[in-house]
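Numbering (the numbering used here), first residue to last: 846 to 1164.
Ideal Cβ positions, reconstructed from N, Cα and C, are used throughout, including at glycine.
None of the values given here were measured: they were computed from a predicted structure.
To start, the structure itself, in structure tokens.
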């Protein structure tokens, strides 16, 4: 008897399997959770998700600073832009990366933004390079949909136009989020000081408000990315399961990544001055991996509902 058979015959494994088989997915026409999980993980292995995440993350890394430059170009046009600029780093960069790396990232972006004129040519060039990363991510969605469901995506020109529109929209969405944070931070501070006497309580309430806004912002952005990133003929709500998975994993990543880099990494000792770039690349890679996980889940749910019998037969699965 091999390891696989021995493992499957364990009582704990059998009880877990029976428990999952008894959980029916209402929207998937009598498909149980056990089959869905096997389909999902078999699809991940078949799709070589780690290899695709590596390729996409490199493209996104190259487009990261052009995207930040594009965002930075519009911040001066916002009310109270000095506060918003500071919040872009304190609430986003500093919450994820260690202090030394966050300072270096802020310094690089600030130098590039201040030494580069905000001409239309510069802005268009920044948008062009930033769009390449989004386009690469959407091409990854196309590979998943084509492999799982045999669905073809848009042509190259249509895909790039959609990527460009989404890049501009995501920039506006991010700027609105930063403005909203600044508004809530300033207005909420005054209200909380009136309602609460404890400074510690005020700090925790503000953190909870930030977490709630950030969660809703990221969840909405991922839903839109999944929905418009692929020429999907369906309802927006069908993108929600994968977006929820991605959002939860991303926030766990942000917390765990910052803790690990701050306490357990030796990148500075091994790589010196380029350690910040390696940390950024690693974070982007894991983020892309998580985004692909969510999209794979959405496509698996759709495929399991419409062509469950074919999928089980192709992957040699048993209900």
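Test item: CB-CB of residue i and residue j under 8 angstroms
i, j, result
"residue 1139", "residue 1059", "no"
"residue 1073", "residue 1007", "yes"
"residue 975", "residue 1021", "no"
"residue 1143", "residue 1051", "no"
"residue 879", "residue 862", "yes"
"residue 888", "residue 1141", "yes"
"residue 1061", "residue 932", "no"
"residue 1032", "residue 1067", "no"
"residue 1094", "residue 1135", "yes"
"residue 986", "residue 1075", "yes"
"residue 1027", "residue 929", "yes"
"residue 923", "residue 972", "no"
"residue 1147", "residue 1086", "no"
Residue i (DSSP reduced to helix, strand or coil)
i, result
"residue 1147", "helix"
"residue 1052", "helix"
"residue 1159", "Because residue 1159 carries a pLDDT of 47, less than 50, the predicted location of this residue cannot be relied on, and the following value inherits that uncertainty. Of the three classes helix, strand and coil, the one that applies to residue 1159 here is helix, per DSSP."
"residue 1082", "helix"
"residue 1075", "coil"
"residue 923", "coil"
"residue 862", "helix"
"residue 980", "helix"
"residue 991", "helix"
"residue 1000", "coil"
"residue 1100", "helix"
"residue 1164", "Low confidence applies here, because residue 1164 scores a pLDDT of 44, under 50, leaving its location unreliable and the question unanswered by this model."
Residue i, enclosing alpha helix (DSSP H) - first and last residue
i, result
"residue 897", "894-919"
"residue 879", "878-891"
Nearest to residue i (by Cα), restricted to the options the options
i, options, result
"residue 984", "878, 1137 and 1027", "1137"
"residue 1063", "1046, 1049, 1099 and 965", "1099"
"residue 1030", "1054, 1046 and 1010", "1054"
"residue 915", "966, 1000 and 931", "966"
"residue 899", "929, 1145, 1131 and 1146", "1131"
"residue 1025", "925, 999, 1010 and 893", "925"
"residue 1126", "1057, 910, 894 and 860", "910"
"residue 896", "920, 923, 989 and 970", "989"
"residue 1015", "991, 1065 and 1096", "1065"
"residue 1096", "1121, 1056 and 920", "1056"
"residue 1122", "894, 860, 893 and 903", "903"
Nearest-angstrom Cβ-Cβ length linking residue i and residue j, presumed shorter than 8 angstroms
i, j, result
"residue 1129", "residue 905", "5 angstroms"
"residue 901", "residue 1133", "5 angstroms"
"residue 918", "residue 978", "Not a contact, Cβ separation roughly 17 angstroms."
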